Amino acid sequence: MYRKLRNTIRYCLGALKDFTEEERLDFFASPLVGEVPAKRAEGGRADAQAPERLSASRSPTLAPQGGEGVDEMPLLERWLLHRLWQLDAVVREAYATYQFRVALSAIVEFCNVDLSAFYVDVRKDALYCDAPSSLRRRACRTALDETFSRLTAWLAPILPFTMEEAWLTRFPNDTSVHLRQFPETPPAWEDDFAGEEMARLREVRAVVTGALEVARRDKLIGSALEAAPAVYVANESVF
Numbered sequence: 005m006y007r008k009l010r011n012t013i014r015y016c017l018g019a020l021k022d023f024t025e026e027e028r029l030d031f032f033a034s035p036l037v038g039e040v041p042a043k044r045a046e047g048g049r050a051d052a053q054a055p056e057r058l059s060a061s062r063s064p065t066l067a068p069q070g071g072e073g074v075d076e077m078p079l080l081e082r083w084l085l086h087r088l089w090q091l092d093a094v095v096r097e098a099y100a101t102y103q104f105r106v107a108l109s110a111i112v113e114f115c116n117v118d119l120s121a122f123y124v125d126v127r128k129d130a131l132y133c134d135a136p137s138s139l140r141r142r143a144c145r146t147a148l149d150e151t152f153s154r155l156t157a158w159l160a161p162i163l164p165f166t167m168e169e170a171w172l173t174r175f176p177n178d179t180s181v182h183l184r185q186f187p188e189t190p191p192a193w194e195d196d197f198a199g200e201e202m203a204r205l206r207e208v209r210a211v212v213t214g215a216l217e218v219a220r221r222d223k224l225i226g227s228a229l230e231a232a233p234a235v236y237v238a239n240e241s242v243f
């Protein structure tokens, strides 16, 4: 479990190397806010009512109520933001009721099933091969930036040293990850259409993947990249 979480954070760090606000999709941005230092209470603790401190390298950044224009992003990124929106509600409720195992299980499942086994596998070619200015690559890095921001905050109480190292590796001039608030997730990220579409496409993908594994087992192909599957569906609405 720890290794999967660590590797997910490590992947995000690599994928987001040199990511800047200028690369963030313009239509994704909401009204800009500047750096807002967290107030320090006596003893060095941040005031719980203070806004999250924004790293200078992330300023200006998204206002909490932002997210307008998300519907213009590629379907895959809209789905990822939708999953973050769903997970945010689960994690907040779990922490509020001291059900830390529920929060951890939900985050681990997200990292295993949604990120590692699906999103990263689908988007890796675009991330590594598309032009830096391409819409698809910028959307991917924008969504991963939001993912990294939330995972480090959500996991900080559970993996304090790992999340501190990850946060300061990316933002060495920022304050401790433990002085952050949980990032607010814009309501505009809720996208039932993207969720339903991706659920159908993942069903089709699972069938194709299964067929490829059979072909590899039978020595018909050496790699999945050698195949050109033809998909026949009874329900054309899937596509």
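Numbering (the working numbering), first residue to last: 5 to 243.
By construction, the Cβ of each residue, glycine as well, lies at the ideal position given by its N, Cα and C atoms.
Small disclaimer: the values here were computed from a predicted structure and weren't measured.
>> Please identify the residue among W158, P191, D196, A238 whose C-alpha is closest to the C-alpha of R184.
In response: Checking every option, the nearest Cα to that of R184 belongs to W158.
>> So, under 8 Å CB-CB, P233 and L216 are touching, yes? Tell me the CB distance rounded to an integer number of Å.
In response: Correct: roughly 7 Å between the Cβ atoms.
>> Going by beta-carbon coordinates alone, are V235 and V208 separated by less than 8 Å?
In response: Taking 8 Å as the cut-off, the beta carbon of V235 is found closer than this to the beta carbon of V208.
> Rounded to whole angstroms, how far is the Cβ of H182 from the Cβ of E168, which I believe are closer than 8 Å?
Replying inline: The pair is a contact, with the Cβ atoms about 7 Å apart (cut-off 8 Å).
>> Excluding the 5 residues flanking T24 on each side, which residues of the same chain have their C-beta closer than 6 Å to its C-beta?
In response: Closer than 6 Å at Cβ, skipping near neighbours: no residue.
> So what's I162 in DSSP terms, helix, strand or just coil?
Replying inline: In the structure shown, I162 sits in coil (DSSP, three-state: anything other than H, G, I, E or B).
> Are A147 and L84 close, meaning C-beta to C-beta below 8 Å?
Replying inline: Yes. Within cutoff.
> Is the stretch 108-116 touching the stretch 80-95 in the sense that three or more CB pairs, one from each, lie closer than 8 Å?
Replying inline: Cβ pair count under 8 Å is three or more, so yes.
>> Excluding the 5 residues flanking Y15 on each side, which residues of the same chain have their C-beta closer than 7 Å to its C-beta?
In response: Closer than 7 Å at Cβ, skipping near neighbours: V124.
>> Using only the alpha-carbon positions, how far apart do S120 and I13 sit?
In response: S120 and I13: Cα-Cα distance of roughly 11 Å.
>> Less than 8 Å between the C-beta atoms of L80 and R127, yes or no?
In response: Contact annotation: L80 and R127 have beta-carbon atoms nearer than 8 Å.
> Which residue's Cα is closest to the Cα of G18: V117, S180, R145, T156?
Replying inline: That would be R145, whose Cα lies nearest to the Cα of G18.
>> Give the list of continuous beta strand (DSSP E) stretches no shorter than 3 residues that lie fully inside the stretch 166-191.
In response: Runs of the beta strand (DSSP E) inside the stretch 166-191: none found.
> Among M5, R10, H86, which one has its Cα closest to the Cα of G199?
Replying inline: Sorting M5, R10, H86 by C-alpha distance to the C-alpha of G199 places H86 at the top.
> When you compare each of E240, K8, R28, P161 to L139 by their alpha carbons, which one comes out closest?
Replying inline: Nearest to L139 by alpha-carbon distance, out of E240, K8, R28, P161, is R28.
> Below 8 Å between beta carbons: does that hold for A203 and V74?
Replying inline: A distance of 8 Å or more separates the beta carbons of A203 and V74.
>> What would DSSP say about Q90, mapped onto helix, strand or coil?
In response: Three-state result, Q90: helix.
>> Out of D178, L155, D134, which one is the CA nearest neighbour of L9?
In response: Out of D178, L155, D134, the CA that lies nearest to the CA of L9 is found in L155.
>> Suppose the cutoff is 8 Å on Cβ atoms and the five residues either side in sequence are ignored; what does the same chain contact list for R174 look like?
In response: Cβ neighbours of R174 beyond the five flanking positions: L17, L20, F152.
> Based on Cα-Cα distance, which residue from V237, Y102, R105 lies nearest to V211?
Replying inline: Comparing Cα-Cα distances from V211 to each of V237, Y102, R105, the minimum goes to V237.
>> Closest to S264 by C-alpha separation, out of N11, E26, M5, would be which residue?
In response: Examination of residue 264 is not possible in this model, given that the chain is present from 5 through 243 alone.
> To which residues of the same chain is A160 closer than 7 Å at the C-beta, ignoring the five residues directly before and after it?
Replying inline: Here the set comprises M167, V181, H182.
> For R142, which residues of its own chain have a beta-carbon under 6 Å away from its beta-carbon, when the five flanking residues on both sides are left out?
Replying inline: When the five nearest sequence neighbours on each side are left out, the beta carbons in the same chain lying within less than 6 Å of the beta carbon of R142 are those of E27, L29, in order along the chain.
>> Does E46 pass the burial test, meaning 16 or more other C-beta atoms within 10 Å, or should it be called exposed?
In response: Below a pLDDT of 50, predicted positions are generally treated as unreliable, and E46, at 37, falls in that range; the measurement from the model is reported next regardless. By the Cβ neighbour-count rule, E46 is exposed, with fewer than 16 other Cβ atoms within 10 Å of its own.
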